[in-house]
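Take a look at the structure set out below.
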Amino acid sequence: MPLFRLSPPFLSGTSRVTLHMVQLLLALVPALIALVFFFGAGVLVNITFAIIVALITEALMLKLRDRPLKPFLTDGSALVTAVLFAMAIPPLAPWWLTVVGIVFAIVFAKHLFGGLGYNPFNPAMIAYVLLLLSFPLEMTTWLPATGVADNSLDFLSAFQLIFTGELANGVSVDAFSGATPLDAMKTQIRLSELPSTIANQPLFGVFGGIGWEWINVWFAVGGLFLIYRGVISWHIPVAMISALLIISSITFFLAPESTASPLFHLLSGGTMIGAFFIATDPVTAATTVKGRLVFGAGVGLLTYIIRVWGGYPDGIAFAVILMNMLAPLIDYYTQPKVYGSGLVK
Amino acid sequence: MTQALGSFPGGLKLAGQKKRSTQTPIRKMPLSKTLVLPLQQHIGESAVAIVKVGDKVLKGQKIATANGHVSVCLHAPSSGIISAVGDHPIPHPSGLSAPCISIDTDGEDHWVERNMAEDFSDLTAHELRQRIREAGIVGLGGAGFPSFIKLNPGVHHHVETLILNGVECEPYITCDDMLMRERAQGIMDGIEVMQQALHVNNCVIAIEDNKPEAISSMELALASREKLKDTKVVVIPTRYPAGSEKQLIQTITGKQVPTRGLTLDIGIVLHNVGTAYAVGRAIKHGEPLISRIVTVTGKDVKHAGNFETLFGTPIHELLSFCDTKRKAGEPFIQGGPMMGYNLAGDKLPVTKTANCILVGVDDATQAAKPLPCIRCGDCATVCPVSLLPQQLYWHSRSKDLEKTSEYNLFDCIECGCCSYVCPSQIPLVQYFRFAKTETMNQEQERQKSDLARIRHDNRQERQERERIEKEEKQRQRKAALAASKAAKEKKEAEAAESQSESQEKQ
Numbered sequence: 017m018p019l020f021r022l023s024p025p026f027l028s029g030t031s032r033v034t035l036h037m038v039q040l041l042l043a044l045v046p047a048l049i050a051l052v053f054f055f056g057a058g059v060l061v062n063i064t065f066a067i068i069v070a071l072i073t074e075a076l077m078l079k080l081r082d083r084p085l086k087p088f089l090t091d092g093s094a095l096v097t098a099v100l101f102a103m104a105i106p107p108l109a110p111w112w113l114t115v116v117g118i119v120f121a122i123v124f125a126k127h128l129f130g131g132l133g134y135n136p137f138n139p140a141m142i143a144y145v146l147l148l149l150s151f152p153l154e155m156t157t158w159l160p161a162t163g164v165a166d167n168s169l170d171f172l173s174a175f176q177l178i179f180t181g182e183l184a185n186g187v188s189v190d191a192f193s194g195a196t197p198l199d200a201m202k203t204q205i206r207l208s209e210l211p212s213t214i215a216n217q218p219l220f221g222v223f224g225g226i227g228w229e230w231i232n233v234w235f236a237v238g239g240l241f242l243i244y245r246g247v248i249s250w251h252i253p254v255a256m257i258s259a260l261l262i263i264s265s266i267t268f269f270l271a272p273e274s275t276a277s278p279l280f281h282l283l284s285g286g287t288m289i290g291a292f293f294i295a296t297d298p299v300t301a302a303t304t305v306k307g308r309l310v311f312g313a314g315v316g317l318l319t320y321i322i323r324v325w326g327g328y329p330d331g332i333a334f335a336v337i338l339m340n341m342l343a344p345l346i347d348y349y350t351q352p353k354v355y356g357s358g359l360v361k
Numbered sequence: 077m078t079q080a081l082g083s084f085p086g087g088l089k090l091a092g093q094k095k096r097s098t099q100t101p102i103r104k105m106p107l108s109k110t111l112v113l114p115l116q117q118h119i120g121e122s123a124v125a126i127v128k129v130g131d132k133v134l135k136g137q138k139i140a141t142a143n144g145h146v147s148v149c150l151h152a153p154s155s156g157i158i159s160a161v162g163d164h165p166i167p168h169p170s171g172l173s174a175p176c177i178s179i180d181t182d183g184e185d186h187w188v189e190r191n192m193a194e195d196f197s198d199l200t201a202h203e204l205r206q207r208i209r210e211a212g213i214v215g216l217g218g219a220g221f222p223s224f225i226k227l228n229p230g231v232h233h234h235v236e237t238l239i240l241n242g243v244e245c246e247p248y249i250t251c252d253d254m255l256m257r258e259r260a261q262g263i264m265d266g267i268e269v270m271q272q273a274l275h276v277n278n279c280v281i282a283i284e285d286n287k288p289e290a291i292s293s294m295e296l297a298l299a300s301r302e303k304l305k306d307t308k309v310v311v312i313p314t315r316y317p318a319g320s321e322k323q324l325i326q327t328i329t330g331k332q333v334p335t336r337g338l339t340l341d342i343g344i345v346l347h348n349v350g351t352a353y354a355v356g357r358a359i360k361h362g363e364p365l366i367s368r369i370v371t372v373t374g375k376d377v378k379h380a381g382n383f384e385t386l387f388g389t390p391i392h393e394l395l396s397f398c399d400t401k402r403k404a405g406e407p408f409i410q411g412g413p414m415m416g417y418n419l420a421g422d423k424l425p426v427t428k429t430a431n432c433i434l435v436g437v438d439d440a441t442q443a444a445k446p447l448p449c450i451r452c453g454d455c456a457t458v459c460p461v462s463l464l465p466q467q468l469y470w471h472s473r474s475k476d477l478e479k480t481s482e483y484n485l486f487d488c489i490e491c492g493c494c495s496y497v498c499p500s501q502i503p504l505v506q507y508f509r510f511a512k513t514e515t516m517n518q519e520q521e522r523q524k525s526d527l528a529r530i531r532h533d534n535r536q537e538r539q540e541r542e543r544i545e546k547e548e549k550q551r552q553r554k555a556a557l558a559a560s561k562a563a564k565e566k567k568e569a570e571a572a573e574s575q576s577e578s579q580e581k582q
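Protein chains in written order, with my numbering: chain P, 17 to 361; chain U, 77 to 582.
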């Protein structure tokens with residue numbers, strides 16, 4: 017094989033798929049530190065385990081599909097799926113949850129559709145939704161953040177909890193678990209509590225839940241880094257956040273007694289990881305400029321609708337998957353105007 | 077200095093790599109022993125040789141004549157003897173051979189008698205165009221379209237602005253830059269001729285802001301010209317592909333050329349500064365187009381620079397003159413790194429469209445196998461025509477040619493921006509060229525089969541018509557026969573009747 021390509025352009029930029037993925041992982045680091053700070057070392061155990069499972073599954077699938085291992089194992093896409101998935105599930109989720117999720121993501125959501133670049137849905141979100149539907153209890157067993165309760169677990173105890181379900185002294189995961197702020201807000205509003213009163217409970221911080229608001233801020237910081245580096249464009253995050261902000265402001269203005277504040281929605285649950293890391297997955301999102309605005313706005317709106325009127329505390333995963341379905345249609349109807357078209361000769 | 081009125085979407089900021097070849101003034105390339113001149117160095121019909129082997133020719137003597145409207149003449153770049161007329165390898169992406177005239181030079185460089193017109197103001201537009209055509213002038217920016225055609229607006233169009241393209245947006249190439257620095261007066265001569273031929277006063281000379289020397293040189297030359305008071309230099313931001321015809325028009329005027337239309341449709345004519353210089357030489361000095369300035373540059377060229385080179389000079393002589401050490405496997409490029417093409421070898425001649433010979437590109441594209449498209453959309457962001465290269469790619473790949481046309485494949489200018497930014501390193505331009513060629517082939521096939529079908533239908537129709545006519549004739553004949561028979565019978569009957577009547581009477 018020749019060293020150089022012999023057809024134009026002979027010059028090439030520095031953009032590479034692997035480089036995109038590496039920067040994406042780098043951008044997740046601040047939020048990861050925040051996650052570990054607020055929810056203990058379980059997140060690290062989950063991530064490490066998810067990466068191992070993902071790489072093995074990816075390798076097996078490549079082998080089965082008779083594809084070369086090296087370019088596709090090093091492209092970083094399986095790694096990103098694993099990390100995003102592990103950061104989205106509860107910090108002390110049992111190990112088999114990770115296995116089921118990752119295998120489903122890599123085998124069904126990715127390779128059965130053709131592998132890298134061909135999957136219509138975000139693999140991490142497909143796995144998340146599958147688990148949420150199949151194992152709702154395990155998927156909603158969250159920990160209260162540090163600051164609400166002191167549960168600073170070290171790496172070893174987190175490992176024990178994840179792989180055996182209990183600590184050496186017999187304490188099980190249930191001893192640590194508690195509702196997430198989004199969940200608490202939703203159930204108590206349904207019990208006719210005022211959102212302003214709910215927000216004064218110890219679970220809640222300044223804008224969102226304690227811990228959660230900071231995690232969201234750090235996800236946003238990582239996302240801004242990605243925009244600065246040109247890995248993602250601003251359109252989807254801006255559209256999504258604006259849509260969420262606008263609809264929550266409207267309902268908050270119309271019915272303050274039954275809806276949480278707009279800022280609570282922005283800094284709760286998966287808003288920022290969704291806006292900057294999930295909805296922006298290029299493979300599954302819309303690709304035209306206008307299309308990205310529509311796509312982002314759709315994710316924002318659906319997220320809010322599911323959170324407030326749906327059966328689940330958070331709606332990011334469902335919203336992204338629903339919009340993934342619409343991406344080809346959005347792209348078709350938002351094509352840019354080509355140079356010179358529509359002009360009379 | 078005036079401001080540009082518009083801007084185009086997308087594009088790339090590329091490292092210019094221009095300084096490498098602008099450190100020395102334009103030098104004359106020494107005369108080669110043999111010059112090989114392809115009969116086709118322009119877009120259109122190939123020229124027809126009017127010399128034969130053994131003929132003695134003078135420098136500037138016409139050796140091949142234009143054939144048809146879209147065609148130009150060809151001249152001997154130096155004096156000597158015709159040594160061959162026949163096929164020879166030419167610079168072409170596919171490395172093919174084509175009819176060429178070879179001249180063994182005698183070293184005397186004797187000029188043929190030249191038809192100079194120091195004052196050309198009494199020449200008509202038509203006469204100017206004829207002289208430009210006779211001088212064999214084509215667009216020297218790279219495409220090689222016969223210039224006299226682009227100096228003829230025809231009766232249906234009015235030219236508002238003449239744009240001189242001194243943008244030179246591709247990295248490495250500096251031949252226009254150096255020409256503007258050193259021979260600005262010659263370019264002004266050409267602009268005066270062009271204005272007279274087009275009946276237009278408004279003229280814009282577009283130069284990218286990375287060429288300050290060229291800008292000041294052109295402005296200085298402009299200041300001394302009484303005739304060119306409506307001509308101005310417009311400095312435009314450096315961004316690839318700012319020098320592409322349609323993008324330049326958009327930058328200068330803010331207007332777009334209609335799809336499948338001409339620049340003339342919006343009252344604009346665009347010529348390269350090198351072409352203007354050649355036009356000036358042809359009219360004022362009677363010199364046909366026999367040489368051009370070639371940039372020889374690249375990582376592997378020790379003494380890069382610009383060389384005034386006679387057409388037909390073998391490229392390897394040019395390279396060894398600059399002390400070039402080409403590494404094995406490296407592309408060997410005629411033109412720029414973005415839109416040039418890989419030459420099959422260095423035994424090929426310099427032609428009218430050879431603006432640059434590039435050996436050794438920094439950050440060269442590796443031949444790695446591309447990854448699948450991850451739909452990042454960067455290709456659409458940089459496309460200066462606002463196409464969706466990604467969609468075009470999917471449809472080209474699956475050979476869904478109808479869909480590629482729907483996505484405006486034929487508006488693609490093949491600038492290479494999409495391939496440049498692709499994180500999966502997909503050779504997008506290659507896919508688009510393939511789809512274009514396939515579509516054109518299919519169109520040709522379709523036309524051919526249409527023609528055959530029409531012919532078949534016509535034949536059937538004719539046969540049917542003939543059959544009907546024959547039947548009609550037969551019928552008529554039968555009818556006539558029957559009629560005459562009936563008439564005869566009637567006559568006989570009448571005769572018989574009258575006989576019987578007369579008998580009765582009797």
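The C-beta atom is built at its ideal place from N, Cα and C for all residues, glycine as well.
Using a cut-off of 8 Å between C-beta atoms, extract the partners of residue i located in chain U.
i	result
K353/P	S462
Who are the Cβ neighbours of residue i in its own chain at under 6 Å, not counting the five residues just before and after it?
i	result
Y262/U	What sits at residue 262/U in the sequence shown is Gly, not Tyr. Around G262/U: Y353 and G356.
P106/P	T157 and W158
Are the CB atoms of residue i and residue j nearer to each other than 7 Å?
i	j	result
V33/P	L447/U	yes
A47/P	F235/P	yes
T389/U	S97/U	no
S178/U	V127/U	no
C493/U	L88/U	yes
D82/P	L198/P	no
A50/P	W230/P	yes
V349/U	M256/U	yes
N138/P	D347/P	no
Residues in its own chain within less than 8 Å of residue i by CB, not counting five upstream and five downstream?
i	result
H186/U	L134, K135 and S155
Note down, in chain order, every chain U residue with its Cβ under 7 Å from the Cβ of residue i.
i	result
R32/P	P499
Kindly indicate which residue of the options has the alpha-carbon position closest to the one of residue i.
i	options	result
V124/U	G130/U, K132/U, L115/U and D131/U	L115/U
I142/P	P352/P, Y349/P, T296/P and V336/P	V336/P
F84/U	L324/U, R103/U, L113/U and Y248/U	L324/U
A291/P	N340/P, W325/P and G239/P	G239/P
A333/P	A259/P, A191/P and Y320/P	Y320/P
I257/P	L35/P, A295/P, G327/P and G307/P	A295/P
T373/U	F387/U, H347/U, A358/U and T400/U	T400/U
From residue i to residue j, what distance separates their C-alpha atoms?
i	j	result
M270/U	H234/U	14 Å
P255/P	G285/P	For the sequence presented, residue 255/P should be read as Ala rather than Pro. Between A255/P and G285/P, the C-alpha separation is close to 18 Å.
F54/P	T196/P	13 Å
M77/U	I328/U	Below a pLDDT of 50, predicted positions are generally treated as unreliable, and M77/U, at 45, falls in that range; the measurement from the model is reported next regardless. Distance between the alpha carbons of M77/U and I328/U: 13 Å.
A301/P	I366/U	56 Å
P413/U	L318/P	47 Å
G362/U	N228/U	21 Å
E393/U	M105/U	9 Å
I118/P	A140/P	8 Å
T335/U	N143/U	29 Å
M37/P	G337/U	43 Å
Does any C-beta atom of chain C lie closer than 7 Å to the C-beta of residue i?
i	result
T303/P	The chain labelled as chain C is not found among the protein chains of the depicted structure, namely P and U.
Near residue i, which residues of its chain fall below 7 Å by C-beta distance, leaving aside the five closest residues on each side in sequence?
i	result
S193/P	T157, W158 and L159
L210/P	E273
A511/U	S472, L477, T480 and L485
Please list the partners that residue i has in chain U, where partner means a Cβ-to-Cβ separation under 9 Å.
i	result
G316/P	By Cβ distance, chain U contributes nothing, its closest Cβ being about 20 Å from G316/P, past 9 Å.
H36/P	I450, C452 and P499
Nearer than 6 Å: is that true of the beta carbon of residue i relative to any heavy atom of the ligand NAD?
i	result
A273/U	No copy of the ligand NAD appears in this structure; indeed no ligand is present at all.
What does residue i reach in chain P if we use C-beta pairs closer than 9 Å?
i	result
L419/U	Within chain P, no residue comes near L419/U; the closest Cβ sits about 10 Å away, beyond 9 Å.
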